[in-house]
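Take the sequence shown: its position 133, counting from 1, is numbered 132 in numbering that gives the first Met the number 0, and each next residue is one higher.
Have a look at the structure below, then the notes.
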Amino acid sequence: MADTVSVIPTSVLRNLSDKLYEKRKNAALEVEGIVKQLASSGDHEKISAVINSLTTEFTYSPQANHRKGGLIGLAAATVGLTYEAAQYLEQIVPPVLKSFSDQDNRVRYYACEALYNIAKVVRGDFIIFFNQIFDALCKLSTDSDANVQSAAHLLDRLVKDIVTESDQFSIEEFIPLLRERMNVLNPYVRQFLVGWITVLDSVPDIDMLGFLPDFLDGLFNMLSDSSHEIRQQADSALSEFLQEIKNSPSVDYCRMAKILVQRAASPDEFTRLTAITWIYEFVKLGGDQLVPYYADILGAILPCISDKEEKIRVVARETNEELRAIKVDPAEAYNMGAILSIARRQLGSEWEATRIEALHWISALLNRHRTEVLSFLNDIFDTLLKALSDSSDEALNLILLTSSELSDLRKLLKQSLVNAAGKDLFVSLYASWCHSTMAIISLCLLAQTYQHASAVIQSLVEEDINVKFLVQLDKLIRLLETPIFAYLRLQLLEPGRYIWLLKALYGLLMLLPQQSAAFKILQTRLKTVPSYSFNGDQLNRASSGNPHSQILHHSGSQITEDGDINQENGNLQNGINFASRLQQFEQMQQQHRMSQVQSRNSSTSL
0 MADTVSVIPT
10 SVLRNLSDKL
20 YEKRKNAALE
30 VEGIVKQLAS
40 SGDHEKISAV
50 INSLTTEFTY
60 SPQANHRKGG
70 LIGLAAATVG
80 LTYEAAQYLE
90 QIVPPVLKSF
100 SDQDNRVRYY
110 ACEALYNIAK
120 VVRGDFIIFF
130 NQIFDALCKL
140 STDSDANVQS
150 AAHLLDRLVK
160 DIVTESDQFS
170 IEEFIPLLRE
180 RMNVLNPYVR
190 QFLVGWITVL
200 DSVPDIDMLG
210 FLPDFLDGLF
220 NMLSDSSHEI
230 RQQADSALSE
240 FLQEIKNSPS
250 VDYCRMAKIL
260 VQRAASPDEF
270 TRLTAITWIY
280 EFVKLGGDQL
290 VPYYADILGA
300 ILPCISDKEE
310 KIRVVARETN
320 EELRAIKVDP
330 AEAYNMGAIL
340 SIARRQLGSE
350 WEATRIEALH
360 WISALLNRHR
370 TEVLSFLNDI
380 FDTLLKALSD
390 SSDEALNLIL
400 LTSSELSDLR
410 KLLKQSLVNA
420 AGKDLFVSLY
430 ASWCHSTMAI
440 ISLCLLAQTY
450 QHASAVIQSL
460 VEEDINVKFL
470 VQLDKLIRLL
480 ETPIFAYLRL
490 QLLEPGRYIW
500 LLKALYGLLM
510 LLPQQSAAFK
520 ILQTRLKTVP
530 SYSFNGDQLN
540 RASSGNPHSQ
550 ILHHSGSQIT
560 EDGDINQENG
570 NLQNGINFAS
580 RLQQFEQMQQ
590 QHRMSQVQSR
600 NSSTSL
């Protein structure tokens with residue numbers, strides 16, 4: 000203390016610890032002037048003595064006013080040192096940071112003020128203490144005193160400015176600290192962290208995207224915060240990162256895919272939607288890189304297809320289609336067993352839509368990698384057998400349409416109009432299939448009873464065309480593009496012969512929303528139909544429902560060239576009374592509509 004007294008008058012030291020702020024402030028100004036003179040004369044020993052005294056005798060004092068004076072004194076000394084302050088930061092900054100956790104509110108406030116003034120002087124040289132300062136500010140963001148929080152916010156903004164203009168900031172050293180804090184639940188800390196992530200990401204020389212896997216889960220965790228503002232900030236940060244990913248040539252999709260798969264199962268609706276949206280973009284952008292994670296991704300997508308939230312269902316379906324469209328060699332880290340295991344597990348889902356898509360996957364894999372899939376037959380056979388007893392009419396319909404084991408059955412159905420066994424099969428299936436509009440249309444297209452398909456479509460009423468119907472119609476349109484319906488597409492080369500097929504397909508087109516993907520697929524297909532083989536009489540007869548188009552002979556039977564037997568004698572074709580079948584279908588649909596009305600009325604009365 001004696002050395003300090005020889006440099007700083009006793010009266011100044013006394014006023015520096017006075018209870019009145021004005022006296023402490025004036026004393027600090029005198030300290031600033033004294034240190035400035037010492038710096039100009041190059042007396043570093045005395046400067047160190049002054050700083051040491053301010054630290055030990057004041058900032059570490061048990062008296063609050065002494066601590067306040069020490070803090071304002073250290074800031075004043077830094078201002079006096081100006082350009083030489085950097086070499087004394089190791090002495091000046093630690094005691095100020097220690098004061099951030101002082102039990103006295105006013106001491107914490109003055110610590111923020113002191114560090115703010117120190118930072119203004121040294122700017123970029125301040126960066127060496129960044130991690131300690133960040134940690135201290137993170138804690139102060141939850142301070143109970145409003146004035147301390149306000150002072151901390153001002154300091155935080157200044158530190159952000161310094162970091163954005165510095166070329167010495169080390170993102171590699173900072174990320175572990177950020178990752179450690181990301182799972183804190185306090186809303187003020189969360190706002191503080193998102194603010195820093197956003198600022199650092201805006202700096203061109205800082206590659207935050209490269210470290211995104213380290214804090215991505217924390218950002219997703221914030222999407223379910225009770226505060227709307229925090230959810231909005233986290234969503235905004237995630238949206239910005241997703242845009243950067245789309246524009247980046249090199250992204251670590253795999254590390255982030257693990258996080259997204261987990262978040263897609265979140266109980267929070269907004270988190271699930273965001274996660275499934277990210278997965279959709281990842282599948283589109285980094286398909287091949289994600290091959291080792293296909294099973295995990297599929298396991299996340301399939302349950303979301305039956306989500307209660309429509310937006311999630313829509314994105315999940317699009318993601319599922321993108322993933323299934325990617326053709327990969329099983330030898331290339333394609334875990335067939337894991338994918339089939341996921342599909343098998345989802346066949347046991349309580350949700351029909353999920354079970355249907357699981358069947359689609361098994362069917363698609365059979366078509367592409369038959370040998371590999373059959374090697375797992377023992378694992379999936381029992382589950383597939385159970386699927387045959389599925390109460391869902393669509394599940395049965397899908398098995399009929401896609402299962403390779405039922406190819407002979409499909410061939411027999413195609414002969415329904417000319418073969419007794421085919422007719423019996425068609426009539427037998429009709430009784431079960433007529434519970435579902437889309438199942439019966441699929442059956443008619445498969446059996447080539449195109450005029451009846453058109454009649455079924457024309458019989459639909461407003462109540463029939465609901466979301467479930469449109470979803471099933473979307474699937475049927477996509478199935479029409481598969482090898483199973485190749486014969487049907489080839490028949491479109493002769494629209495004059497298959498006029499009822501054309502009318503049925505146009506009927507389906509008219510039921511689809513114009514902006515839907517299925518509409519565009521079917522419209523594109525119908526545009527390829529050659530127009531040269533049309534004639535006015537055929538179109539007029541089809542429009543009027545007149546079945547008497549040009550007659551061919553097939554095994555002694557008369558068949559119209561649009562695939563239907565001549566419908567003389569009460570709409571009988573190969574012994575199939577289609578008028579009676581249509582009546583059966585309409586009655587069944589009416590029963591379902593009445594049942595739905597009764598169910599709604601019962602729910603309302605409860």
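Heads up, the beta-carbon is just placed ideally off N, CA and C, and yes, glycines get one too.
None of these values were measured; they are calculated from a predicted model.
Residue i classed as buried or exposed, judged by whether at least 16 other C-beta atoms fall within 10 angstroms
i: residue 482; result: exposed
i: residue 94; result: buried
i: residue 574; result: exposed
i: residue 479; result: buried
i: residue 594; result: exposed
i: residue 273; result: buried
i: residue 82; result: exposed
i: residue 562; result: Reliability of the predicted coordinates at residue 562 is poor, the pLDDT of 47 falling under 50, and the value obtained from them is presented with this limitation in mind. Residue 562 is buried by the Cβ-count criterion.
i: residue 207; result: buried
i: residue 142; result: buried
i: residue 252; result: buried
i: residue 293; result: buried
i: residue 221; result: buried
i: residue 65; result: buried
i: residue 471; result: buried
i: residue 67; result: buried
i: residue 314; result: buried
i: residue 596; result: exposed
i: residue 568; result: Because the pLDDT at residue 568 is just 37, under 50, the model does not fix this residue reliably, and the value given afterwards should be weighed accordingly. With fewer than 16 Cβ atoms within 10 Å of its Cβ, residue 568 is classed as exposed.
i: residue 227; result: exposed
i: residue 43; result: exposed
i: residue 502; result: buried
i: residue 549; result: Note that residue 549 scores a pLDDT of 34, beneath 50, so its modelled location is shaky and nothing firm can be said.
i: residue 347; result: exposed
i: residue 108; result: buried
Bounding residues of the alpha helix (DSSP H) (the contiguous stretch that carries residue i)
i: residue 371; result: 369-373
i: residue 107; result: 104-121
i: residue 293; result: 293-303
i: residue 433; result: Where residue 433 is concerned, there is no enclosing alpha helix (DSSP H), given that its DSSP letter is neither H nor E.
i: residue 99; result: Taken as a continuous stretch (DSSP letters only), residue 99 belongs to no alpha helix (DSSP H), as it is neither H nor E.
i: residue 279; result: 268-285
i: residue 216; result: 211-221
i: residue 66; result: 63-80
Nearest residue (CA-CA) to residue i, options the options
i: residue 461; options: 588, 419, 374, 371; result: 588
i: residue 229; options: 210, 244, 191, 311; result: 191
i: residue 584; options: 498, 477, 455; result: 455
i: residue 211; options: 224, 173, 376; result: 173
i: residue 357; options: 259, 311, 105, 303; result: 303
i: residue 529; options: 514, 518, 495, 512; result: 495
i: residue 130; options: 171, 376, 497; result: 171
i: residue 75; options: 44, 60, 36, 40; result: 36
i: residue 624; options: 187, 485, 157, 457; result: The requested residue 624 does not occur in the structure, where the chain is confined to residues 0 to 605.
i: residue 447; options: 107, 421, 307, 167; result: 421
i: residue 52; options: 411, 90, 200; result: 90
i: residue 102; options: 139, 79, 246, 121; result: 139
i: residue 305; options: 268, 113, 334; result: 268
i: residue 133; options: 119, 124, 180; result: 180
i: residue 275; options: 260, 266, 349; result: 260
Residue i in three-state terms, based on DSSP
i: residue 576; result: strand
i: residue 50; result: helix
i: residue 240; result: helix
i: residue 615; result: The requested residue 615 is not part of the displayed model; the chain covers only 0 to 605.
i: residue 9; result: helix
i: residue 250; result: coil
i: residue 308; result: coil
i: residue 340; result: helix
i: residue 414; result: coil
i: residue 16; result: coil
i: residue 58; result: helix
i: residue 513; result: coil
i: residue 316; result: helix
i: residue 611; result: Look at the range of the chain in this structure, 0 to 605, and you will see that residue 611 is not part of it.
Any C-beta of chain C under 8 Å from that of residue i
i: residue 421; result: Of the chains in the structure shown, none is chain C; there is only one protein chain.
message = Which runs of the alpha helix (DSSP H) at least 4 residues long sit entirely within the stretch 113-201? Give them in chain order.
response = The stretch 113-201 contains these whole alpha helix (DSSP H) runs: 129-139, 145-164, 170-180, 186-200.
key: Completely contained alpha helix (DSSP H) runs for the stretch 449-489, where each covers 4 or more residues   = Here the runs fully enclosed are 449-457, 466-478.
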